[in-house]
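See below for the structure under consideration.
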Amino acid sequence: MSAKSQGSYNIDRAPDAPNLLDARSRNGHGLTTTRLFDVFKPYMHTVLIFSSAAATSQCTAVLRALEQYPEGCIQSAIVRTWAVYSDGDTGLELATMVLNDKLGHAYEGYAVVPRAEMVTVYIVRPDGVVGGLVRGVEGVEKYFSGIFQ
41 MSAKSQGSYN IDRAPDAPNL LDARSRNGHG LTTTRLFDVF KPYMHTVLIF
91 SSAAATSQCT AVLRALEQYP EGCIQSAIVR TWAVYSDGDT GLELATMVLN
141 DKLGHAYEGY AVVPRAEMVT VYIVRPDGVV GGLVRGVEGV EKYFSGIFQ
């Protein structure tokens with residue numbers, strides 16, 4: 041079963057997505073590429089924030105909400121299809137990483153339709169299973185309230 045099927049996100053293995061440009065990491069040839077399976081860690085939750093350019097304030101709010109949890113337990117990745125990270129992107133420096141999905145693999149694998157002023161948040165557990173699909177700060181806090189008390 042994939043993240044696209046049946047809406048049963050809490051029992052699905054998190055899909056991979058190749059060819060993501062890591063907007064903050066450069067090698068001698070430009071931006072480095074990564075894949076989600078290399079991003080996921082077996083010792084921390086990964087919060088994937090799918091965000092449009094118009095939803096930067098919501099994205100920043102989610103990132104600020106993550107700061108209340110113990111350090112080293114959660115990493116965050118902004119996933120977007122638009123322009124690569126620049127130092128002027130307010131609030132995005134709070135994210136662990138910013139990934140440019142220019143080929144749409146992550147958006148397709150997670151069945152995310154870019155919406156103008158809305159973020160879609162997937163929370164991937166340390167075991168690589170999708171633990172939650174939420175919208176915004178309230179959903180993130182509700183999810184983690186059952187984990188960090």
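Take 41 as the starting number for the sequence shown in my numbering and just add one per residue. C-beta atoms are modelled at their ideal positions from N, C-alpha and C, and glycine is treated no differently. This structure is a prediction, so every number in the text was calculated from the model and none was measured.
Backbone CA spacing between residue i and residue j [nearest angstrom]
i	j	result
phenylalanine 184	leucine 71	33 Å
arginine 75	threonine 100	23 Å
aspartate 52	glycine 186	19 Å
glycine 171	glutamine 189	17 Å
lysine 193	valine 169	Outside the shown range of the chain, which is 41 to 189, sits residue 193, and nothing can be said about it.
serine 65	lysine 182	32 Å
valine 124	tyrosine 109	Per-residue confidence for valine 124 stands at a pLDDT of 48, beneath the threshold of 50, marking its modelled position as unreliable; no derived number is given.
alanine 93	leucine 132	11 Å
valine 164	alanine 95	21 Å
valine 180	leucine 106	8 Å
aspartate 56	glycine 149	7 Å
Bounding residues of the alpha helix (DSSP H) (the contiguous stretch that carries residue i)
i	result
glycine 144	Neither: glycine 144 is in no alpha helix (DSSP H) and is coded neither H nor E.
tyrosine 183	176–185
valine 161	Where valine 161 is concerned, there is no enclosing alpha helix (DSSP H), although the beta strand (DSSP E) it sits in stretches over 160–164.
leucine 76	76–79
Residue nearest to residue i in terms of C-alpha spacing, selected from the options
i	options	result
valine 102	Glu178, Gly186, Phe188	Glu178
alanine 135	Gly144, Gln115, Lys142	Gln115
methionine 137	Leu88, Phe188, Gln98	Leu88
asparagine 59	Arg53, Asp52, Thr73	Thr73
alanine 63	Ala146, Ala95, Val119, Gly176	Val119
leucine 61	Arg165, Gly149, Gln98, Leu139	Leu139
glutamine 167	Thr96, Cys113, Tyr147, His145	Going by the sequence as given, residue 167 is aspartate instead of glutamine. Answer by Cα proximity: Cys113.
arginine 155	Phe90, Asp56, Ala54, Leu173	Phe90
Within the segment 83–127, ranges of the beta strand (DSSP E) (whole runs, at least 3 residues):
Counting whole runs of 3 or more residues, the segment 83–127 contains the beta strand (DSSP E) stretches 85–90, 114–120.
Tell me, please, whether the segment 149–160 touches the segment 79–86 by the rule of three or more beta-carbon pairs shorter than 8 Å.
Taking a cut-off of 8 Å for Cβ pairs, the segment 149–160 and the segment 79–86 do not touch, as fewer than three such pairs fall below it.
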